[in-house]
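J.: In mature numbering (1 follows the signal peptide of the UniProt record, and there is no 0), the protein residues as written are -33 to -1, 1 to 436.
From the three backbone atoms N, C-alpha and C, an ideal C-beta is built for every residue, glycine too.
A single structure is presented below for examination.
Pasting the structure below:
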């Protein structure tokens, strides 16, 4: 089996038989997928046939705000792979920090190698990454599965053992004190082109200074005063050089750091993407079936992670450790407010639907996730994980008190056989009560880029460049 057809096949509890009526019905926009078990009863993991729609019957419905003369039209694409190393787990450290199986469905992860329920800012910083440019951000979304009985087990990636060892090492971060400093990149106005080299160098120096101080504090927590004052002086010198190069004043308070106890930085509150502390314990093998989520996990054929600008003006850097959610994993309970139409087919990106698409020959199933991009300029998270970063208004502008930051778009393409689409045999992992509803599709992001990478990203977008790393 080719790797893009799935990493492995989990054990089936229900034998599926499919009624062969699909092609004719698919042309009308809906396909019927009848599934029966050995007892003649419908399988517990059956997907509602009404969830499937022929994409060619859908009218174009995507509109973009027309850029004005001040628009930031550049893009910055990060290559973090397709999760070839098989990093899956049913956790969500943003919505349910510290709760194993808090999501009750599997996530695909790219970027940070250590991401699990116990992830902290510190553990994320110390981990490796699958991103080619060193971006340690965490990008994760629910897996897609094919649910049919003739699936085979795929060979695991050749480098899986090595990557597993890296993840295990990163997860050994102890609960010790750490140095936390203000994020400087997110406080800068647009950086002049002639100042870019200096700003990049000094932002990199700020990160290195903080990392060195963090190691000193970890080795000797009693050395706080002896570490923080020299650190403040080093940061003041770097900030002065940034100010001189850009011609912009820099708040002296950004030179002052503090020592904090390492804690889980998420905000547990029974958010719409979590299930509370009563979530069942995960199985011993995180890659096995979780609740009603079974079938053959599909490795995306392609994963595109691109940051875009604003149609009405320049963008400002995201702060390090900013948490951002897309969609609502519990839209059936919470209502439609945060649910997003995410599904389409390649070649049909001018239409997005909240159903599973049936694509014509030569076209492939596609998920497009456009994240909110108006930040309150203060907080990296909020109680509901949404109030601190919201979507722009219909005219493309941010509401009062919010500033535009780069908009993350994650595009996932799957090579799902057309007969599987027509038979209604593919589905997204979900909470049990969502019954694989495609409206529950969602995505999560935590920014762990270095300030230097983020500065390059913003420069490319605001200078209308097309950049890729």
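1. With contact counted as at least three CB pairs below 8 Å, one residue from each stretch, are the segment 15 to 28 and the segment 315 to 322 in contact?
2. Take residue 203 and list the residues in its own chain whose beta-carbon comes closer than 6 Å to its own, dropping the five residues that flank it on each side.
3. Could you tell me the alpha carbon to alpha carbon distance between residue 385 and residue 48, rounded to whole angstroms?
4. If residue 290 sits next to residue 61, beta carbons under 8 Å apart, how far is it from one beta carbon to the other, in whole angstroms?
5. With DSSP as the reference, label residue 8 as helix, strand or coil.
6. Using the three-state DSSP reduction, which class does residue 197 fall into: helix, strand or coil?
7. Excluding the 5 residues flanking residue 408 on each side, which residues of the same chain have their C-beta closer than 6 Å to its C-beta?
8. Under three-state DSSP, which class holds residue 272?
9. Would you report the Cα separation of residue 280 and residue 37, rounded to the nearest angstrom?
10. Leaving out five residues on either side along the sequence, give the residues of the same chain with a beta carbon under 7 Å from the beta carbon of residue 246.
11. Can you check which of these residues, 151, 315, 196, 90, is closest to residue 215 by C-alpha distance?
12. Assuming residue 425 contacts residue 284 (C-beta within less than 8 Å), just tell me the rounded distance between them.
13. What three-state label does DSSP hand residue 192 in the structure shown?
14. Whole-angstrom Cβ separation of residue 91 and residue 81, contact assumed at under 8 Å?
15. Quick one: give me the first and last residue of the alpha helix (DSSP H) that residue 165 is part of.
16. Counting C-beta neighbours from all protein chains within 10 Å, is the total for residue 160 16 or more, i.e. buried, or is it exposed?
17. Would residue 296 and residue 358 qualify as a contact pair, given that the criterion is a beta-carbon distance under 8 Å?
18. State buried or exposed for residue 366, treating a residue as buried only when at least 16 other CB atoms are found within 10 Å of its CB.
19. Would you kindly work out how many angstroms separate the C-alpha atoms of residue 99 and residue 172, rounded to a whole number?
20. Considering only the beta carbon of each residue, do residue 393 and residue 331 sit closer than 8 Å?
21. Compare the C-alpha of residue 218 against each of 353, 354, 199 and name the closest.
22. Name the DSSP bridge partner or partners of residue 96?
23. Closest to residue 180 by C-alpha separation, out of 225, 169, 154, 158, would be which residue?
24. Which residues share a DSSP beta bridge with residue 333?
25. Please name the residue in 201, 108, 278 whose C-alpha comes closest to that of residue 363.
T.: So, from the data block:
1. yes
2. For the purposes of this step, residue 203 is taken as residue 236 along the chain shown, with counting starting at 1. If we look at residue 203 and ignore the five residues flanking it on each side, its Cβ neighbours are 222.
3. Position 418 of the chain shown, counted from the first residue, corresponds to residue 385. Position 81 of the chain shown, counted from the first residue, corresponds to residue 48. Those two C-alpha atoms are separated by around 25 Å.
4. By 1-based counting over the chain shown, the position of residue 290 is 323. By 1-based counting over the chain shown, the position of residue 61 is 94. Confirmed, about 5 Å.
5. For the purposes of this step, residue 8 is taken as residue 41 along the chain shown, with counting starting at 1. Bear in mind that the predicted position of residue 8 carries a pLDDT of just 33, short of 50, making it unreliable; the figure below should be weighed with that in mind. Residue 8 falls in the coil class under three-state DSSP.
6. As a working note, residue 197 is residue 230 in the chain shown. Helix, per DSSP.
7. The residue you call residue 408 lines up with position 441 of the chain shown. Only 294, 309, 395 meet the Cβ criterion.
8. As a working note, residue 272 is residue 305 in the chain shown. Residue 272: strand per DSSP, three-state reduction.
9. Translated into positions along the chain shown, residue 280 becomes position 313. Translated into positions along the chain shown, residue 37 becomes position 70. C-alpha separation (whole angstroms): 5 Å.
10. As a first step, residue 246 must be located in the chain shown, where it is residue number 279. Here the model assigns residue 246 a pLDDT of 44, short of 50, so the residue's position is not dependable, and the following value carries that caveat. These residues qualify, in order along the chain: 66, 68, 69, 71.
11. Your numbering for residue 215 matches position 248 in the chain shown. Closest by alpha carbon: 151.
12. In the chain shown, the residue the question calls residue 425 occupies position 458. In the chain shown, the residue the question calls residue 284 occupies position 317. About 5 Å; that satisfies the 8 Å criterion.
13. For the purposes of this step, residue 192 is taken as the residue at position 225 of the chain shown. Helix.
14. In the chain shown, residue 91 corresponds to position 124, counting from 1. In the chain shown, residue 81 corresponds to position 114, counting from 1. Yes, they are in contact, since the Cβ atoms of residue 91 and residue 81 sit about 7 Å apart, within 8 Å.
15. Stepping through the chain shown from its first residue, residue 165 is reached at position 198. Per DSSP, residue 165 belongs to the alpha helix (DSSP H) from 163 to 186.
16. Taking the chain shown and counting its residues from 1, one reaches residue 160 at position 193. Classification for residue 160: exposed.
17. As a working mapping, residue 296 is identified with position 329 in the chain shown. As a working mapping, residue 358 is identified with position 391 in the chain shown. Not in contact: residue 296 and residue 358 (Cβ atoms no closer than 8 Å).
18. The residue you call residue 366 lines up with position 399 of the chain shown. Burial call: exposed.
19. Numbered from 1 along the chain shown, position 132 holds the residue referred to as residue 99. Numbered from 1 along the chain shown, position 205 holds the residue referred to as residue 172. Rounded to the nearest angstrom, the two C-alpha atoms are 21 Å apart.
20. Here residue 393 corresponds to residue number 426 of the chain shown, with the count starting at 1. Here residue 331 corresponds to residue number 364 of the chain shown, with the count starting at 1. In this structure, residue 331 does not lie closer than 8 Å to residue 393 by Cβ.
21. Numbered from 1 along the chain shown, position 251 holds the residue referred to as residue 218. Of the listed residues, the one whose Cα sits closest to residue 218 is 199.
22. Mapped onto the chain shown, residue 96 falls at position 129. DSSP output for residue 96 lists 79 as bridge partner(s).
23. Locating residue 180 in the chain shown gives position 213, counting from the first residue. Nearest to residue 180 by C-alpha distance, out of 225, 169, 154, 158, is 225.
24. In the chain shown, residue 333 corresponds to position 366, counting from 1. In the DSSP output, where bridge partners are listed per residue, residue 333 has 311, 380.
25. The residue labelled residue 363 in the question sits at position 396 within the chain shown. Selected option, being the one with the closest Cα: 278.
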